[in-house]
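Q: Input: one structure, supplied below.
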Amino acid sequence: MPARRRCRRHQRPRGRRRDRQARGARARARRRCARRVGVVARRAWRRRRGRRAVSPFPNPFAFRRRVPGRGFVRTAWWDFCAFLCWSALKICYGLRRIHRERIPRTGAILVISNHQSFLDPMINGVTVWERQFTALARDTLFVGAWGWVLRSVSARPIKRSGGDLEAMKAAIAELEAGRVVILYPEGTRSETGDMLEFKRGVLLLVKKVKPTVLPMGVEGAFDAWPRGRKLPRFSGRVVCACGEPLDGAALAAMGGDEALAAMWDGVSRAHHEARVELARWRGTEPPAAPAARPTAEEVA
Numbered sequence: 699m700p701a702r703r704r705c706r707r708h709q710r711p712r713g714r715r716r717d718r719q720a721r722g723a724r725a726r727a728r729r730r731c732a733r734r735v736g737v738v739a740r741r742a743w744r745r746r747r748g749r750r751a752v753s754p755f756p757n758p759f760a761f762r763r764r765v766p767g768r769g770f771v772r773t774a775w776w777d778f779c780a781f782l783c784w785s786a787l788k789i790c791y792g793l794r795r796i797h798r799e800r801i802p803r804t805g806a807i808l809v810i811s812n813h814q815s816f817l818d819p820m821i822n823g824v825t826v827w828e829r830q831f832t833a834l835a836r837d838t839l840f841v842g843a844w845g846w847v848l849r850s851v852s853a854r855p856i857k858r859s860g861g862d863l864e865a866m867k868a869a870i871a872e873l874e875a876g877r878v879v880i881l882y883p884e885g886t887r888s889e890t891g892d893m894l895e896f897k898r899g900v901l902l903l904v905k906k907v908k909p910t911v912l913p914m915g916v917e918g919a920f921d922a923w924p925r926g927r928k929l930p931r932f933s934g935r936v937v938c939a940c941g942e943p944l945d946g947a948a949l950a951a952m953g954g955d956e957a958l959a960a961m962w963d964g965v966s967r968a969h970h971e972a973r974v975e976l977a978r979w980r981g982t983e984p985p986a987a988p989a990a991r992p993t994a995e996e997v998a
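In structure tokens, the structure reads:
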């Protein structure tokens with residue numbers, strides 16, 4: 699009795715050549731799908747830079763994780779502005795962002811950084827691009843079209859004299875919603891490029907919300923745009939380093955002076971890492987150790 703024939707749909711391809719062709723077609727289909735979602739590019743980036751490498755650009759469709767409570771349009775506008783800032787900083791100063799794998803992917807984050815120039819918010823912004831932050835800036839900057847741009851990227855005005863409860867309440871609301879706030883605890887730009895003593899206003903956010911505190915250090919921005927200069931120099935090199943995150947609950951349990959010292963040391967270590975990277979980049983002798991914290995006599 700002759701063998702029962704099977705339809706072509708259920709008939710396996712005969713011969714090794716057809717098997718190879720079928721496997722090749724399936725592999726090509728998988729590669730096409732992977733390219734569409736950017737998986738191949740991200741994996742190649744991680745192979746080149748190491749397992750803990752972070753992609754230079756965030757995923758715009760992960761806005762619910764990156765910025766809880768904000769819609770896609772507002773997140774995309776922030777990403778567009780960050781891309782323009784990153785392009786300008788990369789072209790003019792060759793910006794390097796190191797240790798970005800230390801940035802927590804979820805949860806409330808209070809970013810604290812040293813303050814060297816007007817370029818610092820742009821530098822910190824593109825460094826923590828993955829999470830998008832709300833900045834507290836002095837109220838005199840919120841004028842005209844520039845003020846509209848600052849508000850559109852979630853910046854909040856704050857009085858330099860201190861005691862602006864509305865701005866602090868807005869920052870607390872951002873942190874309680876699981877988002878990111880950046881603050882410059884020095885309160886003003888440095889006149890020499892060195893770190894200054896921290897103001898005590900940062901303790902209010904730490905004690906109230908207990909967020910993860912992420913220290914950052916910026917080096918090279920003072921040379922590009924020092925205090926007292928009206929326009930920046932469009933040349934130089936800038937490095938921004940992320941420090942090791944600090945536990946907000948542990949900081950809140952400390953005394954005020956002890957918590958300020960711990961945060962100052964965290965920013966100082968991140969600043970030292972940025973200085974070492976910049977010295978390596980320039981081919982000069984790196985600094986031996988982080989800068990010492992200013993004493994009460996020096997502050998006075």
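Using our numbering, read the sequence shown as starting at 699 and increasing by one per residue.
Ideal placement from N, C-alpha and C gives every residue a C-beta, glycine not left out.
Keep in mind it's a predicted model, so treat the numbers as computed, not measured.
(1) Going by the beta-carbon positions, is the gap between residue 950 and residue 904 smaller than 7 Å?
(2) Report yes if the CB atom of residue 937 is closer than 7 Å to the CB atom of residue 794, and no otherwise.
(3) Would you list the one or two residues that DSSP bridges to residue 910?
(4) Quick check for students: name the residue ranges of the alpha helix (DSSP H) that lie wholly in the stretch 806-857, counting only runs of 4 or more.
(5) Give every residue of the same chain whose Cβ lies closer than 8 Å to the Cβ of residue 865, excluding the five residues on either side of it in the sequence, and list them in chain order.
(6) Which runs of the beta strand (DSSP E) fall wholly inside the stretch 878-925 and span at least 3 residues, in chain order?
(7) For residue 784, which residues of its own chain have a beta-carbon under 6 Å away from its beta-carbon, when the five flanking residues on both sides are left out?
(8) Could you work out which residue in 943, 898, 933, 769 is closest to residue 953 when comparing CA atoms only?
(9) Applying the criterion that 16 or more other CB atoms from any shown protein chain within 10 Å of the CB defines a buried residue, is residue 799 buried or exposed?
(10) Given a cut-off of 7 Å, decide if residue 809 and residue 694 are closer than it, judged by their beta-carbon atoms.
(11) Does the stretch 886-898 come into contact with the stretch 959-969, if we say contact requires no fewer than three beta-carbon pairs (one atom in each stretch) closer than 8 Å?
(12) Taking the straight line between their C-alpha atoms, what separation do you get for residue 836 and residue 975?
(13) Taking the alpha-carbon of residue 919 as reference, which of 981, 788, 758, 771 has the nearest alpha-carbon?
(14) Return helix, strand or coil for residue 1077, following the three-state DSSP convention.
(15) Would you mind reading off the limits of the beta strand (DSSP E) that contains residue 936?
(16) If we call anything under 7 Å between Cβ atoms a contact, is residue 985 one with residue 946?
(17) Who does residue 944 pair with in a DSSP beta bridge?
(18) To the nearest angstrom, how far is it from the Cα of residue 922 to the Cα of residue 786?
(19) Do residue 941 and residue 791 have their C-beta atoms within less than 7 Å of each other?
(20) Rounded to the nearest angstrom, what separates residue 749 and residue 826 at their Cα positions?
(21) Among 965, 757, 884, which one has its Cα closest to the Cα of residue 777?
(22) Following the continuous alpha helix (DSSP H) through residue 789, name the residue where it begins and the one where it ends.
(23) Alpha carbon to alpha carbon, how far is residue 874 from residue 719?
(24) CA-CA distance, residue 930 and residue 816?
(25) Reducing DSSP to helix, strand and coil, say where residue 927 ends up.
(26) Which whole-angstrom value is the C-beta distance of residue 878 and residue 807, which I expect to be below 8 Å?
A: Inspection of the coordinates gives the following:
(1) In the sequence shown, the residue the question calls residue 950 occupies position 252. In the sequence shown, the residue the question calls residue 904 occupies position 206. Contact: yes.
(2) What you label residue 937 is simply residue 239 of the sequence shown in a count that begins at 1. What you label residue 794 is simply residue 96 of the sequence shown in a count that begins at 1. Annotated as proximal: residue 937 and residue 794, with beta-carbon spacing under 7 Å.
(3) Indexing the sequence shown from 1 puts residue 910 at position 212. DSSP output for residue 910 lists 807 as bridge partner(s).
(4) Listed in chain order, the alpha helix (DSSP H) elements of length 4 or more contained wholly in the stretch 806-857 are 818-825, 842-850.
(5) For the purposes of this step, residue 865 is taken as residue 167 along the sequence shown, with counting starting at 1. Counting only Cβ-Cβ distances below 8 Å, and skipping sequence neighbours, we find 834, 854, 855, 856, 857.
(6) Runs of the beta strand (DSSP E) inside the stretch 878-925: 878-881, 910-917.
(7) Working through the sequence shown from its first residue, we reach residue 784 at position 86. Only 824 meet the Cβ criterion.
(8) As a first step, residue 953 must be located in the sequence shown, where it is residue number 255. Among 943, 898, 933, 769, the Cα nearest to that of residue 953 is on 898.
(9) Within the sequence shown, numbered from 1, the residue matching residue 799 stands at position 101. Classification for residue 799: exposed.
(10) This structure cannot settle anything about residue 694, because the visible part of the chain is limited to 699 through 998.
(11) Judged by Cβ distances under 8 Å, the stretch 886-898 makes contact with the stretch 959-969, as three or more pairs qualify.
(12) Numbered from 1 along the sequence shown, position 138 holds the residue referred to as residue 836. Numbered from 1 along the sequence shown, position 277 holds the residue referred to as residue 975. One alpha carbon belongs to residue 836, the other to residue 975, and they sit about 31 Å apart.
(13) For the purposes of this step, residue 919 is taken as residue 221 along the sequence shown, with counting starting at 1. Cα-wise, what sits closest to residue 919 is 788.
(14) Residue 1077 lies beyond the range of the chain shown here (699 to 998); nothing can be said about it.
(15) To locate residue 936, count along the sequence shown from 1; it is residue 238. No beta strand (DSSP E) contains residue 936, which DSSP labels as neither H nor E.
(16) As a first step, residue 985 is located in the sequence shown; it is residue number 287 there, counting from the start. As a first step, residue 946 is located in the sequence shown; it is residue number 248 there, counting from the start. The criterion of a C-beta distance shorter than 7 Å is not satisfied by residue 985 and residue 946.
(17) Position 246 of the sequence shown, counting from 1, holds the residue named residue 944. 911.
(18) One-based indexing of the sequence shown puts residue 922 at position 224. One-based indexing of the sequence shown puts residue 786 at position 88. Near 13 Å, if we compare the C-alpha coordinates of residue 786 and residue 922.
(19) Residue 941 sits at position 243 when you count from the first residue of the sequence shown. Residue 791 sits at position 93 when you count from the first residue of the sequence shown. Cβ distance not < 7 Å, so residue 941 and residue 791 don't count as in contact.
(20) Numbered from its first residue, the sequence shown carries residue 749 at position 51. Numbered from its first residue, the sequence shown carries residue 826 at position 128. Only weak support is given to the placement of residue 749: the predicted model assigns it a pLDDT of 47, under 50, and the question is left unresolved by the model.
(21) Stepping through the sequence shown from its first residue, residue 777 is reached at position 79. The residue from 965, 757, 884 with its alpha-carbon nearest to that of residue 777 is 757.
(22) Walking along the sequence shown from the start, residue 789 turns up at place 91. Where residue 789 is concerned, the enclosing alpha helix (DSSP H) stretches over 770-791.
(23) Position 176 of the sequence shown, counted from the start, is the residue given in the question as residue 874. Position 21 of the sequence shown, counted from the start, is the residue given in the question as residue 719. The C-alpha of residue 874 lies about 56 Å from the C-alpha of residue 719.
(24) In the sequence shown, the residue the question calls residue 930 occupies position 232. In the sequence shown, the residue the question calls residue 816 occupies position 118. Rounded to the nearest angstrom, the gap between the Cα atoms of residue 930 and residue 816 is 9 Å.
(25) Taking the sequence shown and counting its residues from 1, one reaches residue 927 at position 229. Coil.
(26) Residue 878 sits at position 180 when you count from the first residue of the sequence shown. Residue 807 sits at position 109 when you count from the first residue of the sequence shown. With 8 Å as the limit, residue 878 and residue 807 qualify as a contact, their Cβ atoms being about 4 Å apart.
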